[in-house]
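Student:
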Amino acid sequence: MSFFKPKATNSTPRAPTKVPWTEKYRPKSLNDVAAQDAIVSVLKKTLQSSNLPHMLFYGPPGTGKTSTILALARDLYGPELRKTRVLELNASDDRGISVVREKIKNFSRTAVGNVSSEIRQKYPAPDFKLIILDEADMMTHDAQAALRRTMENYAKTTRFCLICNYVTRIIDPLASRCSKFRFKELSQESALNRLQYICEQENVEVEDEEVLRSLLKLTNGDLRQSITLLQSAAGFAPVVTKDILSELAGVVPDNIVSKVIEVAEIGNQKQIEKAVENIILDGYSVSELLDQLHDTLLTSVISSKSKSMLANTFSVANRRLVDGGDEHIELLNIVTQTAQALKA
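Heads up, the sequence shown is in UniProt numbering, so the first residue is 1 and it goes up one at a time.
1) Can you tell me whether T219 is buried or exposed, with buried defined as 16 or more other CB within 10 angstroms of its CB?
2) Determine the direct distance from the alpha carbon of S176 to that of R149, and round the result to whole angstroms.
3) What are the start and end residues of the beta strand (DSSP E) that includes S179?
4) E207 bridges to which residues according to DSSP?
5) Which residues in the same chain have their Cβ closer than 7 Å to the Cβ of E185, if we skip the five residues on either side of it in sequence?
6) Given a cut-off of 8 Å on the beta-carbon distance, is the pair V335 and V263 in contact?
7) Applying the 10 Å Cβ sphere with the 16-neighbour rule, what's the burial state of Q36?
8) Please state whether the Cβ-Cβ distance between S29 and R85 is less than 8 Å.
9) Let's test the definition: count the other Cβ atoms within 10 Å of the Cβ of L331 and tell me whether it reaches 16, buried, or not, exposed.
10) Reducing DSSP to helix, strand and coil, say where E88 ends up.
11) Which same chain residues end up closer than 8 Å to residue 348 when comparing Cβ atoms and leaving out the 5 residues on each side of it in sequence?
12) Please check the pair residue 345 and M55, which I expect to be a contact at CB under 8 Å, by giving their CB distance rounded to whole angstroms.
13) If you check the beta carbons only, do V260 and L293 fall under 8 Å apart?
14) Excluding the 5 residues preceding and the 5 following S50 in the sequence, name in chain order all residues of the same chain whose CB lies nearer than 6 Å to its CB.
15) Hey, out of V276, I39, G267, whose CA is closest to I256's CA?
16) So, under 8 Å CB-CB, V239 and E209 are touching, yes? Tell me the CB distance rounded to an integer number of Å.
Pasting the structure below:
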């Protein structure tokens with residue numbers, strides 16, 4: 001295929017580029033947004049009428065939510081006017097009520113200035129501003145309630161776009177004021193085509209055709225994460241291989257996963273403690289190991305009762321790890337509980 005480059009003549013990795021590829025290859029216009037045709041079609045109609053509602057973009061990570069609204073902003077205002085008409089905030093960083101009262105409210109209440117005829121000829125440049133709140137599902141309920149009032153008070157001069165992975169974390173009074181757009185998971189072929197294009201543009205050589213497919217599997221189809229990992233791998237070695245991608249992604253080797261299952265089956269507590277200690281000392285991610293144990297054990301030939309017990313153990317452990325639980329203690333509990341489940 002065209003994205004496979006000739007064998008490198010030396011082992012010197014390419015010099016890293018200054019611009020992250022996720023930004024370099026971000027769509028510049030709605031016409032460049034791929035695999036979300038229904039959403040793009042609706043947004044293009046709003047460009048023609050300049051009648052933009054408040055919007056709520058939701059769906060899995062890496063499916064183009066942020067890229068789509070930024071492309072819409074460029075199409076609405078152009079590069080120059082966009083600097084003063086668009087406010088982009090990451091709500092996971094500024095998640096409290098203070099950001100609503102200060103940054104958002106101050107930006108919303110300022111008057112919209114006049115637009116030159118030159119800009120009007122090129123872009124719709126409607127008489128309202130746009131506030132983009134990324135990761136809005138991380139905002140506190142108080143902040144969301146305050147945002148609802150701000151949206152009501154400044155609807156004539158400001159439009160809001162809320163972006164989130166989990167729409168259920170947005171309070172109903174806020175969600176009901178927005179037109180909802182669900183971003184579907186990208187098909188493997190769409191994501192693969194984009195990665196192939198980037199490989200061609202950046203002269204990245206991959207070992208074989210399956211490397212990019214394995215990359216998408218490592219990131220669970222998250223295109224943004226896939227592009228970031230590809231850039232890291234391209235700067236790490238002249239030829240990108242599955243092993244390099246797995247190492248950079250922090251994948252736990254299969255022999256380690258097998259060892260954990262083996263000591264769990266034996267059920268000797270001292271062996272379990274020793275195996276857990278070795279994994280922690282080697283610096284492997286317990287969250288990653290938990291995912292791999294889940295995929296291995298819940299698809300293996302064990303009883304339904306054992307699978308049920310394991311599913312419960314893994315879900316509780318995952319929640320504790322997300323909440324900042326001690327990895328050593330959690331892994332010890334995971335393997336001990338796994339040993340008990342396998343005997344059921």
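Backbone N, C-alpha and C define an ideal beta-carbon position, used for all residues, glycine too.
Tutor: Short version:
1) The residue you call residue 219 lines up with position 219 of the sequence shown. Burial check for T219: the Cβ neighbour count within 10 Å reaches 16 or more, so the residue is buried.
2) In the sequence shown, counting from the first residue as 1, residue 149 sits at position 149. In the sequence shown, counting from the first residue as 1, residue 176 sits at position 176. Cα-Cα distance, rounded: 13 Å.
3) Position 179 of the sequence shown, counted from the first residue, corresponds to residue 179. Looking at the DSSP string, the run of the beta strand (DSSP E) that includes S179 is 179 to 182.
4) Indexing the sequence shown from 1 puts residue 207 at position 207. Note: E207 sits in no beta bridge, so no partner.
5) Sequence index remark: in the sequence shown, residue 185 carries index 185 (1-based). Here the set comprises P60, T63, G221.
6) The residue labelled residue 335 in the question sits at position 335 within the sequence shown. The residue labelled residue 263 in the question sits at position 263 within the sequence shown. The Cβ-Cβ distance between V335 and V263 falls below 8 Å.
7) Your numbering for residue 36 matches position 36 in the sequence shown. Buried, since its Cβ has 16 or more Cβ neighbours within 10 Å.
8) Here residue 29 refers to the residue found at position 29 of the sequence shown. Here residue 85 refers to the residue found at position 85 of the sequence shown. Contact: no.
9) As a first step, residue 331 is located in the sequence shown; it is residue number 331 there, counting from the start. Counting every other CB atom within 10 Å of its CB across the protein chains shown gives L331 a total of 16 or more, marking it as buried.
10) Locating residue 88 in the sequence shown gives position 88, counting from the first residue. DSSP, reduced to helix, strand and coil, places E88 within a strand of the structure shown.
11) Since the displayed the chain opens at 1 and closes at 344, residue 348 lies outside it and no answer follows.
12) The question about residue 345 has no answer here: the residues shown for the chain are numbered 1 through 344.
13) Here residue 260 refers to the residue found at position 260 of the sequence shown. Here residue 293 refers to the residue found at position 293 of the sequence shown. Closer than 8 Å, so yes.
14) Within the sequence shown, the letter at position 50 stands for residue 50. Only P124, P126 meet the Cβ criterion.
15) Position 256 of the sequence shown, counted from the start, is the residue given in the question as residue 256. If we check each option's Cα against that of I256, V276 comes out closest.
16) The residue you call residue 239 lines up with position 239 of the sequence shown. The residue you call residue 209 lines up with position 209 of the sequence shown. At roughly 14 Å, the Cβ-Cβ gap does not stay under 8 Å, so V239 and E209 are not in contact.
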